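Chains as they are written, first to last, in my numbering: chain A, 709 to 969; chain B, 709 to 969.
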């Protein structure tokens with residue numbers, strides 16, 4: 709079995725290296741990871757610039773590259789050009805900080821896994837709910853190994869993307885695993901306004917998560933209450949219900965829309 | 709009525725200016741657009757750097773800013789800080805080039821509209837199927853005005869994101885409007901390998917769209933066959949079918965996954 713491992717915190721992040729040491733006991737690991745931190749890059753790709761990929765030695769893996777691009781670039785370039793053999797799974801993480809609710813759209817970690825699915829592979833994104841750089845990733849990494857083994861043995865579906873978030877708790881305090889839906893994440897005081905030395909206004913993205921009522925079956929609720937959250941994610945963004953509704957629009961209405969009255 | 713207008717081709721793009729002249733006949737226009745071309749930026753946001761927003765004079769609009777960030781930054785900053793009054797709608801475009809199928813994930817144009825919906829506004833993304841810089845945007849802009857009027861008058865739903873793609877055809881040759889689902893877009897020869905003057909390998913993203921069989925109800929099929937495609941898009945990425953399937957997993961299975969055997 710072969711795994712393409714990537715992340716959005718960059719190739720030196722502890723979360724990524726904690727995964728190597730667990731996953732290399734069950735599969736060959738190819739690391740294709742960004743040279744620098746890429747948080748918030750979402751599903752962006754490098755369209756207008758060349759992408760450098762430099763082979764790098766990492767103990768415990770089959771081969772590794774540091775890529776001057778986004779997490780999605782890493783997965784595209786990794787699966788299409790760099791990794792010389794067919795892979796079985798894309799793993800993205802372990803991210804430093806959770807990726808929950810609507811925030812998954814901004815997440816480089818989740819977007820890398822999404823790109824894995826687009827390229828035709830099962831994929832999981834794993835995040836630990838802490839920004840503490842010295843946090844202990846070992847339980848999260850061990851859990852990821854067990855989940856990956858279950859996916860590769862097909863006791864879990866191989867055709868989808870799993871977004872996994874772990875609470876930062878000692879293992880014995882973790883209450884269980886919940887299969888969840890995406891919750892909501894809204895922020896207040898989103899932008900701070902400042903002035904540069906020349907008096908021009910600029911903004912910093914900041915803000916805190918609003919403490920909103922969450923559905924009990926959501927990922928946000930699960931992690932806040934001490935559970936590991938696993939959200940199955942699909943890529944079909946079409947709103948079929950509305951297509952049905954539109955089919956009732958008259959030809960006259962549509963013709964007016966098309967040509968104007 | 710007030711419209712926040714943005715795009716991913718940058719504030720000087722002809723597609724954006726063609727829209728101003730149509731939309732300002734039915735609403736006040738606030739332009740919040742990127743300083744430079746942002747194609748392929750997807751749903752990325754500027755997390756670690758300050759964002760400059762410089763007010764700029766554009767004839768025919770209420771107020772405008774050029775923003776040193778991504779299309780999603782423009783919508784977030786525009787709705788939360790820059791535009792002094794509540795808006796009714798976010799319009800993104802008109803993009804130079806179509807945004808169809810799975811490619812919507814990479815699209816700054818569509819992601820800006822997505823961000824509009826996240827911020828609580830109805831939103832539409834509009835793209836014209838051509839990279840010809842001298843293309844005629846006037847019919848596409850007029851059509852967008854009629855569609856926007858329909859949304860603002862609520863003869864179309866106000867709660868969703870519409871992804872609109874127009875074929876590059878003389879108006880009289882456009883066959884009609886189709887409500888579509890997202891199709892598929894796959895590419896071959898995705899990366900070109902080159903060597904820099906020092907002998908290091910680098911890659912360019914390139915490749916051509918694979919000519920794949922498309923479902924007749926897809927956006928790709930519609931635009932290829934001379935129709936305007938309107939795809940309603942939702943943001944609920946949860947795969948509910950799989951959650952149901954998971955509910956059959958035994959406690960013993962989940963406990964083994966959690967703690968290891």
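Heads up, the beta-carbon is just placed ideally off N, CA and C, and yes, glycines get one too.
Note that this is a predicted model, so its numbers are computed, not measured.
Within 9 Å of the CB of residue 901/A, the CB atoms of chain B belong to 789, in sequence order along the chain.
Proximity of chain A to residue 744/B at the Cβ level (cut-off 8 Å) is not reached, the minimal Cβ distance being about 10 Å. Counting every other CB atom within 10 Å of its CB across the protein chains shown gives residue 730/A a total of 16 or more, marking it as buried. Residue 901/B sits in a strand when the DSSP states are folded into three classes. For a Cβ distance threshold of 9 Å, residue set 946, 947, 948, 949, 950, 951, 953 and 954 of chain A lies close to residue 940/B, ordered along the chain.
The beta carbon of residue 738/A sits no closer than 7 Å to any beta carbon of chain B. For the pair residue 952/B and residue 925/A, the Cα-to-Cα distance works out to about 12 Å. 784/A is the residue among 858/A, 836/A and 784/A whose C-alpha sits nearest the C-alpha of residue 819/A.
Contact note: residue 749/B reaches chain A through 752, using a C-beta cutoff of 7 Å and chain order. Contact between residue 737/A and residue 711/A is confirmed by a C-beta separation of about 5 Å, below the 8 Å threshold. Only buried fits residue 870/B, as 16 or more other CB atoms lie within 10 angstroms of its CB.
In the three-state reduction of the DSSP assignment, residue 801/A falls in the strand class. DSSP lists 896/A as the beta-bridge partner residues of residue 916/A. Ranked by Cα distance from residue 767/B, the options 777/B, 739/B and 791/B are led by 739/B. Of all residues in the segment 820-851 of chain A, those with a C-beta nearer than 9 Å to a C-beta of chain B are 822, 823, 826, 850 and 851, reading in chain order. If you draw a straight line from the Cα of residue 896/A to the Cα of residue 917/A, it comes to about 7 Å. Taking a contact as a CB-CB distance under 8 Å, the pair residue 873/B and residue 937/B counts as one, their CB atoms being some 5 Å apart.
Short of 8 Å from the beta carbon of residue 931/B, and not among the five residues preceding or following it, lie these beta carbons of its own chain, in chain order: 806, 808, 837, 873, 874, 875 and 937. One Cα belongs to residue 771/B, the other to residue 814/B, and the distance between them is close to 29 Å. Judged by pairs of C-beta atoms under 8 Å, the segment 849-864 of chain B does not touch the segment 886-905 of chain B, as fewer than three such pairs exist. For residue 738/A, the enclosing beta strand (DSSP E) has its first and last residue at 736-742. DSSP, reduced to helix, strand and coil, places residue 946/B within a strand of the structure shown. Straight-line measurement puts the Cα of residue 967/B at about 49 Å from the Cα of residue 745/B.
In this model, residue 822/B and residue 929/B are separated by some 23 Å (Cα to Cα). When the beta-carbon positions are compared, residue 758/A and residue 910/B come within less than 7 Å of each other.
For residue 788/B, the three-state secondary structure derived from DSSP is helix. In terms of Cα proximity to residue 777/B, the closest of 830/B, 923/B, 756/B and 764/B is 756/B.
The C-beta distance from residue 834/B to residue 890/B rounds to 16 Å, too long to meet the 8 Å contact threshold.
Relative to residue 810/A, the option among 963/B, 954/B and 944/B whose CA is nearest is 944/B.
Selection 965/A, 964/A and 941/A evaluated against residue 826/A yields 941/A as nearest (Cα-Cα).
Residue 710/A: member of the beta strand (DSSP E) spanning 710-714, first to last residue. Look at the segment 831-904 of chain A and you find these whole runs of beta strand (DSSP E), each 3 residues long or longer: 831-836, 869-874, 884-887 and 899-903. For residue 775/A, the enclosing beta strand (DSSP E) has its first and last residue at 771-775. Under the DSSP assignment, residue 762/B falls in the beta strand (DSSP E) whose first and last residues are 759-763. In the DSSP assignment, residue 936/A falls within the unbroken beta strand (DSSP E) covering 935-941.
Chain-order list of chain B residues neighbouring residue 907/A: empty, with the shortest C-beta distance near 12 Å, by a criterion of under 8 Å.
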